[in-house]
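Peer 1: Sharing a structure here in structure tokens format.
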Amino acid sequence: FVQAALQRLNDVIDATSEVDSQTKPWVHLPDQAEINCSHLTFHHPGRVELLQDFSLSLPGGKAIALVGPSGCGKSTLAKLIAGLYFPQAGNIRVGPYNLEDIALDCRRQQIILIPQEAHFWSRSILDNLSLGDSRIEFERIVEACQIAQADDFIRHLPSQYQTILGEFGANLSGGQRQRLAIALGIVNDPPILILDESTASLDPVSETQVLDRLLSHRQGKTTILISHRPRVIRRADWLVVLDGGKIVSQGCPADLLSQSGEHLPFLSP
29 FVQAALQRLN
39 DVIDATSEVD
49 SQTKPWVHLP
59 DQAEINCSHL
69 TFHHPGRVEL
79 LQDFSLSLPG
89 GKAIALVGPS
99 GCGKSTLAKL
109 IAGLYFPQAG
119 NIRVGPYNLE
129 DIALDCRRQQ
139 IILIPQEAHF
149 WSRSILDNLS
159 LGDSRIEFER
169 IVEACQIAQA
179 DDFIRHLPSQ
189 YQTILGEFGA
199 NLSGGQRQRL
209 AIALGIVNDP
219 PILILDESTA
229 SLDPVSETQV
239 LDRLLSHRQG
249 KTTILISHRP
259 RVIRRADWLV
269 VLDGGKIVSQ
279 GCPADLLSQS
289 GEHLPFLSP
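When we follow the working numbering, the leftmost residue of the sequence shown carries the number 29, and every step to the right adds one.
Pasting the structure below:
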């Protein structure tokens, strides 16, 4: 029943996306364009508003950290930017483009969100990372896995990159799934990549190494980091602190360290 429901959900999403792609244009989002959120309001049906008349500008081509207590709105904002949620009011622009005016497939291929709990199809690692696109070279996939520190454990698997993953990647550890999910984001190399607690299952040393390699690889492109850990947050060029769906403070982490406020626990080792 669960598998049938998931398949039905995927069918609906695919159908909606297909119709949308036929009626709206496909554009290339600039790598270094600002993200401007204007007067956003969002709530789930029958529930209180998570964001109300929310506005924020994020610098393009930078590493940006969204931080705040649980339920503050950071993951909701990320899903709105990625086109996984849709606001009841307001709009989001990337450079000159209003995201509501472009094809949904276009948006989701160029703004990729990697969640904390990554899921994979019961197919080979290679198929999962290439999404079945034969145009993606094997060397490109290996490079992405090396950056995400996934190549080492893949090489120790009996069938290496041809290893079939269990349902939702169940035959991998949480850290291995997160490494593969990050590798998928690197393979696609989108203008905007969002990591929502995507390194939470890694040990501190591995997390530091993966983030350093990832951010070096993505210089000049926008990477949004959502985390509670200072070692992640302090790698950002720009920090936005949220609480209760409102902006508490924002700025360069180095500048904010010298200021008192609710942001300090997120920056202090």
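All C-beta atoms in this analysis are idealised placements derived from N, C-alpha and C, irrespective of residue type, glycine included.
Hey, out of K274, E235, D271, whose CA is closest to R263's CA?
Peer 2: Along the sequence shown, one-based indexing puts residue 263 at 235. Among K274, E235, D271, the Cα nearest to that of R263 is on E235.
Peer 1: Whole angstroms are fine: how far does the CA of S85 sit from the CA of Y113?
Peer 2: In the sequence shown, the residue the question calls residue 113 occupies position 85. In the sequence shown, the residue the question calls residue 85 occupies position 57. In a straight line, the C-alpha of Y113 is about 19 Å away from that of S85.
Peer 1: State the beta-bridge partners of C65 as determined by DSSP.
Peer 2: Residue mapping note: residue 65 aligns to position 37 of the sequence shown, counting from 1. L84, I120.
Peer 1: Thinking just about the alpha-carbon of each residue, which of P186, L68, P97 is nearest to the one in H256?
Peer 2: Numbered from 1 along the sequence shown, position 228 holds the residue referred to as residue 256. Ranked by Cα distance from H256, the first of P186, L68, P97 is P97.
Peer 1: At which residue ranges does the stretch 185-273 contain complete alpha helix (DSSP H) runs of 4 or more residues, listed in the order of the chain?
Peer 2: 202-216, 232-245, 258-261
Peer 1: Is it the case that the Cβ atoms of I130 and P53 are separated by a distance below 8 Å?
Peer 2: The count along the sequence shown starts at 1 and reaches residue 130 at position 102. The count along the sequence shown starts at 1 and reaches residue 53 at position 25. Cβ distance < 8 Å, so I130 and P53 count as in contact.
Peer 1: Ignore the nearest five residues each way along the sequence and tell me which others in L154's own chain have a CB closer than 7 Å to its CB.
Peer 2: Residue numbering aside, residue 154 sits at position 126 when the sequence shown is read from its first letter. Same-chain partners within the cutoff: I169, Y189, Q190.
Peer 1: Looking at F70 and P9, is the spacing between their C-beta atoms short of 8 Å?
Peer 2: Within the shown structure, residues of the chain are numbered from 29 to 297, placing residue 9 beyond reach of any answer.
Peer 1: Given V55, which residues of its chain have a CB within under 7 Å of its CB, disregarding the five upstream and five downstream residues?
Peer 2: Here residue 55 corresponds to residue number 27 of the sequence shown, with the count starting at 1. Contacts found: Y125, I130, C134.
Peer 1: Per DSSP, which one or two residues make a beta bridge with S152?
Peer 2: Along the sequence shown, one-based indexing puts residue 152 at 124. For S152, which the question treats as bridged, DSSP gives the partners I192.
Peer 1: So the candidates are S201, L212, I140, E128; which of them puts its Cα closest to the Cα of D161?
Peer 2: Along the sequence shown, one-based indexing puts residue 161 at 133. The shortest Cα separation from D161 among S201, L212, I140, E128 belongs to L212.
Peer 1: CB L253 to CB K102, shorter than 8 Å?
Peer 2: Translated into the one-based positions of the sequence shown, residue 253 becomes position 225. Translated into the one-based positions of the sequence shown, residue 102 becomes position 74. No; because the gap between Cβ atoms is not below 8 Å, this pair is not in contact.
Peer 1: Is the stretch 213-225 in contact with the stretch 166-180, if contact means three or more CB pairs nearer than 8 Å?
Peer 2: yes
Peer 1: How about Q144 and D224: are their beta carbons less than 8 Å apart?
Peer 2: By 1-based counting over the sequence shown, the position of residue 144 is 116. By 1-based counting over the sequence shown, the position of residue 224 is 196. Yes, these two residues count as a Cβ contact at 8 Å.
Peer 1: Would L57 pass as a contact of L68 if the rule is Cβ separation under 8 Å?
Peer 2: Position 29 of the sequence shown, counting from 1, holds the residue named residue 57. Position 40 of the sequence shown, counting from 1, holds the residue named residue 68. The answer is no: Cβ separation not under 8 Å.
Peer 1: Taking all protein chains shown into account, decide if L200 is buried (16 or more other Cβ within 10 angstroms of its Cβ) or exposed.
Peer 2: Taking the first residue of the sequence shown as 1, we reach residue 200 at position 172. Per the 10 Å Cβ criterion, buried.
Peer 1: Would you grab the beta carbon distance between S158 and G194 for me? Rounded to a whole angstrom, and I think it's under 8 Å.
Peer 2: Mapped onto the sequence shown, residue 158 falls at position 130. Mapped onto the sequence shown, residue 194 falls at position 166. Actually they are not in contact, since the Cβ atoms of S158 and G194 sit about 19 Å apart, beyond 8 Å.
Peer 1: Does Q35 pass the burial test, meaning 16 or more other C-beta atoms within 10 Å, or should it be called exposed?
Peer 2: Reading the sequence shown from its first residue, position 7 is the one you call residue 35. Caution applies to Q35, whose pLDDT of 49 falls short of 50 and renders its modelled position unreliable; the model cannot decide the point.
Peer 1: Going along the chain, which residues of its own chain have a beta-carbon closer than 6 Å to the beta-carbon of F82, five neighbours each way excluded?
Peer 2: Here residue 82 refers to the residue found at position 54 of the sequence shown. Same-chain partners within the cutoff: L68.
Peer 1: If we count the other Cβ atoms within 10 Å of its Cβ and call it buried at 16 or more, is S226 buried or exposed?
Peer 2: Position 198 of the sequence shown, counted from the start, is the residue given in the question as residue 226. S226 comes out buried.
Peer 1: Ordered along the chain, which non-local residues of its own chain (more than five positions away) have a Cβ less than 8 Å from that of I182?
Peer 2: Locating residue 182 in the sequence shown gives position 154, counting from the first residue. Excluding positions up to five away in sequence, the list reads I153, C173, Q188, Y189, T191.
Peer 1: For V95, report the span of its beta strand (DSSP E) as first-last.
Peer 2: Walking along the sequence shown from the start, residue 95 turns up at place 67. Here the beta strand (DSSP E) through V95 covers 91-95.
Peer 1: Which residue's Cα is closest to the Cα of R207: V260, A146, P219?
Peer 2: Sequence index remark: in the sequence shown, residue 207 carries index 179 (1-based). Residue A146 is the option with its Cα nearest to R207.
Peer 1: Assign V233 to one of two classes, buried (16 or more other C-beta atoms within 10 Å of its C-beta) or exposed (fewer than that).
Peer 2: Position 205 of the sequence shown holds residue 233. Its Cβ having fewer than 16 others within 10 Å, V233 is exposed.
Peer 1: In the DSSP assignment, find the alpha helix (DSSP H) that holds L132 and state where it starts and stops.
Peer 2: As a first step, residue 132 must be located in the sequence shown, where it is residue number 104. L132 -> alpha helix (DSSP H) spans 132-138.
Peer 1: Expressed to the nearest angstrom, what Euclidean distance is found between the alpha-carbon atoms of L94 and A282?
Peer 2: For the purposes of this step, residue 94 is identified with residue 66 of the sequence shown, where counting begins at 1. For the purposes of this step, residue 282 is identified with residue 254 of the sequence shown, where counting begins at 1. C-alpha separation (whole angstroms): 15 Å.
Peer 1: Name the DSSP bridge partner or partners of S277?
Peer 2: As a working mapping, residue 277 is identified with position 249 in the sequence shown. Answer by DSSP bridge pairing, in chain order: V269.
Peer 1: Given S229, which residues of its chain have a CB within under 6 Å of its CB, disregarding the five upstream and five downstream residues?
Peer 2: Sequence index remark: in the sequence shown, residue 229 carries index 201 (1-based). So the list reads G202, G203, Q206, once near-sequence residues are dropped.
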